[in-house]
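Numbering-wise (the working numbering), the sequence shown opens with residue 322 and increments by one. Working notes, structure below.
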Amino acid sequence: MAQDIPVSDLTPEMITRCELVDVQGVPLPTSTADLWDQIWSFQARPDDVLICTYPKAGTTWIQEITDMIQQDGDAQKCSRAPIYQRIPFLELCPPRPLATGFEEAEAMPPPRTLKTHLPIKLVPPSFWEQDCKVIYVARNPKDTAVSYYHFQRMNRGLPDPGNWDLYLETFLAGKVPWGSWFDHVNAWWDARDTHRILYLFYEDIKKDPRGEIRKVGRFLDRELPEPVLEGIVQHTSFESMRENPMANYKTLPSFIMDQAMSPFMRRGTVGDWTTQFTVAQSERFDSEWARRLEGSDLRFRTRL
Ligand code: A3P
C-alpha cells in the first residue's frame with residue numbers, strides 16, 4: 322500500500338490538470354483509468370454504506386449528514402478529520418505517494434462509509450454481491466452544470482473547463498469527468514428498486530432538510546431523537562458547512578483547490594443557474610434534457 326502522507330506534503334508540481342480516458346464509454350481521470358482493474362476488484366463488506374452522486378450534486382452535504390447520523394449527532398466526533406478522510410473517495414487516485422481512495426478504504430476499520438461518483442455500471446460488483454446500502458443524491462442538471470463549471474475552474478486536478486459557452490456543450494455531450502449526467506441519474510434511478518438504494522434529491526434536502534435527514538436515518542436504522550435531528554439540521558446547513566474547515570475543503574492547499582477563484586461552498590442554492598444561462602442556452606438545454614430523458618418518470622425541480 323502507498324504511504325499515506327498528509328495532503329500538506331503535496332507540492333504544486335505534483336498537481337496537473339488531468340486528461341480523461343474512456344473506461345467502458347465513461348470519461349474518467351487518467352489516474353483512475355490507470356488503476357481501473359484494482360478499483361473494479363475492490364472488496365466491499367456487507368456493512369459498507371456507499372454514497373454515490375454525479376459530481377456537484379451535494380456529495381459533501383450528504384457525506385456530512387450521513388456522518389452526523391452515524392455519530393449520533395456528535396459534531397465533535399465529526400470534526401475528527403476533513404470529510405475526504407472520514408469518507409474515502411473510492412476511485413480517487415491522487416499523485417503518489419498519497420494513498421488512493423480504495424487503499425484508504427481497505428485500511429479503514431468497519432463499518433465503513435465510502436464515496437463514489439461512478440455510474441452504476443462501473444460500481445465494483447462486490448457492492449451488489451454484499452447487498453450494501455447505497456445513498457444516491459441527484460441534483461437538477463442546470464445547477465449541476467453551473468456548479469461543475471466553477472469547480473473545474475478552481476480544481477487544478479481536473480480539466481480546464483474553458484469558457485462557459487464551450488463548457489455547456491461539453492457538459493451536454495457528457496465529455497466531462499464521470500461522463501453524462503443524463504446517463505448517470507437515469508441508470509441509478511432505474512436500479513433503485515433492484516438494490517438497497519435510497520434515491521434522494523438535492524432540491525428536496527434544501528426544501529425540507531429535517532424530513533430528508535429523517536429519511537436517511539431510517540434507511541441507516543438510526544433513531545434520531547428530536548434534539549439530535551435538530552442538531553444535525555443546524556450542523557449541515559450551508560452556512561454552518563461553509564464555515565466548517567472539516568467540510569469546506571479549506572484544509573487543501575490553494576494549488577489544488579483555488580478557493581479565491583471560486584469557493585468550494587459557492588452558493589448552495591436551487592436556481593443559481595438563472596444567473597449563468599442565457600435564455601437561448603436554457604431553451605437548448607431543456608430540449609436536450611427532454612430528448613435524453615424521454616420516457617423516464619425521473620423529474621427535477623429547477624427552482625424552489
Ligand atoms: P454550488 O456550487 O451550486 O454552490 P459536491 O459536494 O457534490 O461537490 O457539491 C458541491 C455543491 O453542493 C456546491 O454547490 C456546494 O455549495 C453545495 N453544498 C455543499 N454543502 C451544502 C449544504 N450544506 N447546503 C446546500 N448546498 C451545499
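We put the CB at the ideal spot given by N, CA and C, even for glycine. These numbers come from a predicted model, not from an experiment.
A365 and T465 do not touch by the CB rule: their CB atoms are close to 27 Å apart, not below 8 Å. Rounded to whole angstroms, the Cβ separation of G394 and I553 is 5 Å, and the two are in contact under 8 Å. Within its own chain, the residues whose Cβ lies closer than 6 Å to the Cβ of Y375, once the five positions on either side in sequence are excluded, are W502, H505, listed in chain order. Under the criterion of beta carbons closer than 8 Å, H471 and S603 do not qualify as touching, at roughly 18 Å.
Rounded to whole angstroms, the separation of the alpha carbons of K454 and D358 is 23 Å. By the criterion of at least three beta-carbon pairs nearer than 8 Å, the segment 437-448 is not in contact with the segment 568-576. Short note on R477: C-beta not closer than 6 Å to any heavy atom of the ligand A3P.
For A459, the enclosing beta strand (DSSP E) starts and ends at 454-459.
Cβ neighbours of R513 within its own chain (closer than 7 Å, five residues either side excluded): Y520. By the criterion of a C-beta distance shorter than 6 Å, I518 is surrounded in its chain by V455, Y457, once the five residues flanking it on both sides are discounted.
For K436, the uninterrupted beta strand (DSSP E) run begins and ends at 434-437, by DSSP.
Taking all protein chains in view, the Cβ of S468 is crowded by 16 or more other Cβ atoms within 10 Å, so the residue is classified as buried.
In the three-state DSSP reduction, T332 falls in the coil class, being neither helix nor strand.
Scanning its chain for C-beta atoms nearer than 7 Å, with the 5 sequence neighbours on each side dropped, one finds around I386 the residues I534, V537, I553, T557, in chain order. As the crow flies, the alpha-carbon of I372 is around 12 Å from that of F448.
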